[in-house]
Structures are given as structure tokens and as C-alpha cells.
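Residue numbers (the numbering used here): 1 to 144.
Where is the CB? At the ideal position from N, CA and C, for every residue including glycine.
Treat the numbers as computed from the prediction; the structure is a model and nothing was measured.
Structure below.
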């Protein structure tokens, strides 16, 4: 049987859960996730778990936050004067918005906190600081 090696293109089905058992993402009902092993296209902790698998193999991978989306960066939180945000933008905590950097890049942010004068926006990945569990099944290997 062919085993996955770095550089191979693979397809996996997966379900990702958090420590409390809540599912944060799944390929259920969708096409499998395809990526090149070792190319940095997925989180490092999952990328490192794939080599050596063969088609049909299933495994559960525990990925620490540092090998997933990292720890939250306090510098990725920014307080913005409420007056600078258009009145038609919803500002409930947890709302996902998009900001544009001065050089035109779009950055997804989440409303973290709102008070009468400021809105705190958080550009950290929503899964930053969280340990993840991924149940995976190797569906296909395309040799490098």
C-alpha cells in the first residue's frame, strides 16, 4: 500500500471539535479537503499527522493551540472610536466584520466588546488559543 509522504497531494474527510465537544468544522456533506502535505496549506499539527497514512486509514489527531492557530495576539485587538463606524454596521459582540488596512488588504475581524465610546475589534483567528481534535479519514493520495 502506498503511504503518504511529504509533497504528495492528499484528500481527507475530517471533523474538527473543541475540548467541549462542539464541532467547529467538518467536510461532512462536502468534497474532501485536498492539500499538498508539508506545503503549509493546513495547520501544522494536522500536516505532521498525515505522512505514513494509507488510503482508508482513519485517525484522531489532537492538535495543541500552538500547532493549530497559535495563541491570541493582544496586538491584534484594537479599540476604534464608535463614531468612526457607520451607523448601519451591527456591533453586537461576536459579529464578524471586515476591515481594510491602509494598503487595501481585507482583514476579517470580530466585534469583541462595545461601549458608548469605543468598539474593540479582534483580528485573531476565532480558533486562536484553542486545542483542537480532528477525526480524519484519508480518501486519496496523488503521488508527488
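(request) State whether the stretch 56-67 contacts the stretch 117-135, with contact taken as three or more CB pairs (one from each stretch) at a distance under 8 Å. (result) These segments touch.
(request) Would you mind reading off the limits of the beta strand (DSSP E) that contains residue 47? (result) Not the beta strand (DSSP E): residue 47 falls in the alpha helix (DSSP H), residues 44-47.
(message) Report the CB separation of residue 55 from residue 35 in whole angstroms; it is logged as a contact under 8 Å.
(response) Not confirmed; about 15 Å, so no contact.
(request) To the nearest angstrom, report how far apart residue 138 and residue 71 are at their CA atoms. (result) Their Cα atoms are separated by approximately 28 Å.
(message) Out of 84, 109, 32, which one is the CA nearest neighbour of residue 15?
(response) The closest CA to that of residue 15, considering only 84, 109, 32, is found on 32.
(request) Could you tell me whether the Cβ atoms of residue 85 and residue 107 are closer together than 8 Å? (result) One thing to note: residue 85 has its Cβ no nearer than 8 Å to the Cβ of residue 107.
(message) Assuming the contact rule is C-beta atoms closer than 8 Å, residue 99 and residue 121 should be a hit. Round their C-beta distance to whole Å, please.
(response) Sure, about 7 Å apart at Cβ, within 8 Å.
(request) Determine the DSSP secondary structure at residue 116, reduced to helix, strand or coil. (result) Coil at residue 116, not helix or strand.
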